[in-house]
Amino acid sequence: MKKVKILIDSTSDISLDMAKKYNIDILGQNIIFGDETFVETLELGPKEFYKKLEEFDSIPKTSQINITKITEKYEQYYKDFDIIFITISSKASGTFQSANIAKDMFLEEHPDASIDVFDGYNLSIGYGRLGFAAADMANEGKQKDEILEKLEYLKAKSEVLFAVDDLNYLQKGGRISPTAKILGNVLDIKPILTIKDGLVTNCDKVRGEKKVYSKLVELMMSNIDLDEKQTVYILHGNAPDKVEKLKEKIAEMTDITDIKVNDVGASVGTNTGAGVIALSYLKK
Numbered sequence: 628m629k630k631v632k633i634l635i636d637s638t639s640d641i642s643l644d645m646a647k648k649y650n651i652d653i654l655g656q657n658i659i660f661g662d663e664t665f666v667e668t669l670e671l672g673p674k675e676f677y678k679k680l681e682e683f684d685s686i687p688k689t690s691q692i693n694i695t696k697i698t699e700k701y702e703q704y705y706k707d708f709d710i711i712f713i714t715i716s717s718k719a720s721g722t723f724q725s726a727n728i729a730k731d732m733f734l735e736e737h738p739d740a741s742i743d744v745f746d747g748y749n750l751s752i753g754y755g756r757l758g759f760a761a762a763d764m765a766n767e768g769k770q771k772d773e774i775l776e777k778l779e780y781l782k783a784k785s786e787v788l789f790a791v792d793d794l795n796y797l798q799k800g801g802r803i804s805p806t807a808k809i810l811g812n813v814l815d816i817k818p819i820l821t822i823k824d825g826l827v828t829n830c831d832k833v834r835g836e837k838k839v840y841s842k843l844v845e846l847m848m849s850n851i852d853l854d855e856k857q858t859v860y861i862l863h864g865n866a867p868d869k870v871e872k873l874k875e876k877i878a879e880m881t882d883i884t885d886i887k888v889n890d891v892g893a894s895v896g897t898n899t900g901a902g903v904i905a906l907s908y909l910k911k
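Numbering (this note's numbering), first residue to last: 628 to 911.
As structure tokens, then:
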């Protein structure tokens, strides 16, 4: 029986160091600053992205991984591995569709290949954590079907809550209306967002940044599965000060101690701007 190789796209916000640790291969989305194009994670890490974002006088764009790049990865691994490619939500990007088109084309020439494309149905570490779990199982020698079954379970339980600083990015991306952006800026309204049915949706709102942290923790505790052994992730877009404030609220309001901090990368950061702060956990 072949071992399993886990592929994942860069919107998962898995760093190169973590990918190496877990033996995951990352396929990078394209980040476009004017006439310049960079491959996320592989050429443009979070630190470099937010520096460029600060200097750029517009909002960068993203484009999905092309079919040729995906096919090259299939070619690299199919002889020695069963392949599972975990992608960003199919509702938010065309990567899932492209990966399946590449798979169908590849299987025509290589019918002996074993490739599964798994819709992460989430953003950032909301499906990145699925990559960690799948890679752990693959590294333990678990077979494809068992890993896919675990992924389905985790996909249904993974939740992300986040708040942004600059509503311009959400409005440009069509996540909120121009009127909501203006009112939010004038009244200092901070929307709390989540991923539902594979797309960003409003969850709650608070007035003023100070209330964001307690609201995020409150919402998490109302729906977290405390019977599940899990890691709570704090995600941030170049906002280490917010990380510390959120950690303090978690310590104040909960008994949770297994916390990891993760950077929000370029794909998500292009749609949220700097200053985004988020929580990811397994829900009931």
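Even for Gly, the Cβ is constructed at its ideal location relative to N, Cα and C. Computed from a predicted structure; not experimentally measured.
Problem set entry | Distance between Lys630 and Lys832 (C-alpha atoms, nearest Å) | Between Lys832 and Lys630, the alpha-carbon positions lie close to 46 Å from each other.
Problem set entry | Alpha-carbon spacing of Ala740 relative to Asp763, whole angstroms | Cα-Cα distance, rounded: 22 Å.
Exercise. Lys782 to Glu675, Cα distance in whole Å?
Worked result: It is roughly 30 Å from the alpha-carbon of Lys782 to the alpha-carbon of Glu675.
Problem set entry | the region 706-724 contacting the region 691-698, beta-carbon criterion three pairs below 8 Å | Segments in contact, yes.
For this session: May I have the straight-line CA-CA distance separating Pro805 from Asn727, to the nearest angstrom?
Result: Caution is warranted here: a pLDDT of 47 is assigned to Pro805, below 50, making its placement in the model unreliable, and the coordinate value is therefore given only provisionally. Each residue's Cα considered, the two are about 36 Å apart.
Exercise. What does a CB cutoff of less than 7 Å around Phe660 pick up in its chain, not counting 5 residues either side in sequence?
Worked result: Around Phe660: Lys679, Phe683 and Pro687.
For this session: Rank Asp852, Pro673, Asp746 and Val844 by C-alpha distance to the C-alpha of Ala878 and give the top, closest one.
Result: Of the candidates Asp852, Pro673, Asp746 and Val844, the one whose C-alpha sits nearest the C-alpha of Ala878 is Val844.
Problem set entry | Nearest residue (CA-CA) to Asp890, options Ser725, Lys910 and Asp868 | Checked all of Ser725, Lys910 and Asp868; the closest Cα to Asp890 is Asp868.
Problem set entry | Buried or exposed (CB count within 10 angstroms, at least 16 for buried), Glu786 | Flag for Glu786 reads buried.
Problem set entry | Contacts around Tyr704, its chain only, beta-carbon distance under 7 Å, and the 5 residues preceding and following it disregarded | Answer for Tyr704: Lys632 and Ile710, listed in chain order.
Exercise. With burial defined as no fewer than 16 other Cβ atoms inside 10 Å of the residue's Cβ, what is the status of Ile803: buried or exposed?
Worked result: Because Ile803 carries a pLDDT of 48, less than 50, the predicted location of this residue cannot be relied on, and no value is offered for it.
Problem set entry | C-alpha distance - Gly835 paired with Asn898, whole-angstrom precision | In this model, Gly835 and Asn898 are separated by some 21 Å (Cα to Cα).
Exercise. Where do the N-terminal and C-terminal ends of the beta strand (DSSP E) with Glu786 fall, by residue?
Worked result: In the DSSP assignment, Glu786 falls within the unbroken beta strand (DSSP E) covering Ser785 to Ala790.
Exercise. Does the beta-carbon of Ala901 have 16 or more other beta-carbons within 10 angstroms, so that it is buried, or is it exposed?
Worked result: Buried, by the Cβ-count rule.
Exercise. Under a three-way DSSP split, which group does Pro867 fall into?
Worked result: Helix.
Exercise. Beta-carbon separation of Lys700 and Leu634 under 8 Å?
Worked result: The Cβ atoms of Lys700 and Leu634 sit closer than 8 Å to each other.
Exercise. Would a C-beta distance cut-off of 8 Å place Ile653 and Thr668 closer than the cut-off?
Worked result: Closer than 8 Å, so yes.
Exercise. Under a Cβ-count criterion, where at least 16 other Cβ atoms within 10 Å of its own Cβ denotes burial, should Ala646 be classed as buried or exposed?
Worked result: Its Cβ being crowded by 16 or more others within 10 Å, Ala646 is buried.
Exercise. For the beta strand (DSSP E) that contains Phe723, what are its first and last residues?
Worked result: Run containing Phe723: none in the beta strand (DSSP E); it sits in the alpha helix (DSSP H), Thr722 to Glu736.
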